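In our numbering, the protein residues as written are 3 to 110.
Even glycine gets a Cβ: it sits at the ideal position worked out from N, Cα and C.
On a predicted model such as this, the values are computed, not experimentally measured, just so you know.
Have a look at the structure below, then the notes.
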Amino acid sequence: MPTRTSAKGDTTTIELTGESTVRDAAGLASSLREAAGSASARVAVDLSALGRYDVTVPQLLVALSKTLEAAGREFRIVELDERHPLRASLETIGFHFDHIERTTRPSP
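Here is the structure:
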């Protein structure tokens, strides 16, 4: 599963594209750990180009959000359309988007 990480200001953004299944979990976890290890005050995850996925994606995102929260840092989901199936999956496991301020696209 391809990922792209970028930093701008106080935000590190990681973009997930294509598909992510259990066989990609180690690579995704590594990419998310790397983003969490950045010096940025905020980590944003862009899921808009993520197609097929399984339960590992929501699990890893919840773990990342808890890790960042414990460190006093912010976590955001970038502009995830309300119809995106991952949004419903995350809400089903108790990860409510109103707890992440708002879903926003980082300013250019």
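**OP:** Can you give me the Cβ contacts of V24 inside the same chain, cut-off strictly under 7 Å, excluding the 5 residues immediately before and after it?
**Re:** Answer for V24: D56 and T58, listed in chain order.
Original post:
What is the rounded straight-line gap between the Cα of S32 and the Cα of E71?
Top reply: If I take the Cα positions, the gap works out to 18 Å.
Original post:
Exposed or buried, D12, counting other C-beta atoms within 10 Å across all chains shown (16 or more means buried)?
Top reply: exposed
Original post:
Since V47 and L18 are thought to touch, with beta carbons under 8 Å apart, how far apart are those beta carbons, to the nearest angstrom?
Top reply: Going by Cβ atoms, the distance from V47 to L18 rounds to 7 Å, so yes, they are a contact pair.
Original post:
With C-beta atoms as the reference, is A73 less than 8 Å away from S40?
Top reply: no
Original post:
Count the other CB atoms within 10 Å of the CB of I114; is the residue buried (16 or more) or exposed (fewer)?
Top reply: Shown here, the chain extends from 3 to 110; a query on residue 114 therefore has no answer.
Original post:
In three-state DSSP terms, what is D83?
Top reply: coil
Subject >> S22 - partner residues in DSSP beta bridges >> reply: Y55
Subject >> Length of the line joining the Cα atoms of I16 and R85 >> reply: 21 Å
Subject >> Buried/exposed call for D83, threshold 16 Cβ in 10 Å >> reply: exposed
**OP:** Reducing DSSP to helix, strand and coil, say where R104 ends up.
**Re:** Reliability of the predicted coordinates at R104 is poor, the pLDDT of 41 falling under 50, and the value obtained from them is presented with this limitation in mind. Note: R104 maps to coil in three-state DSSP.
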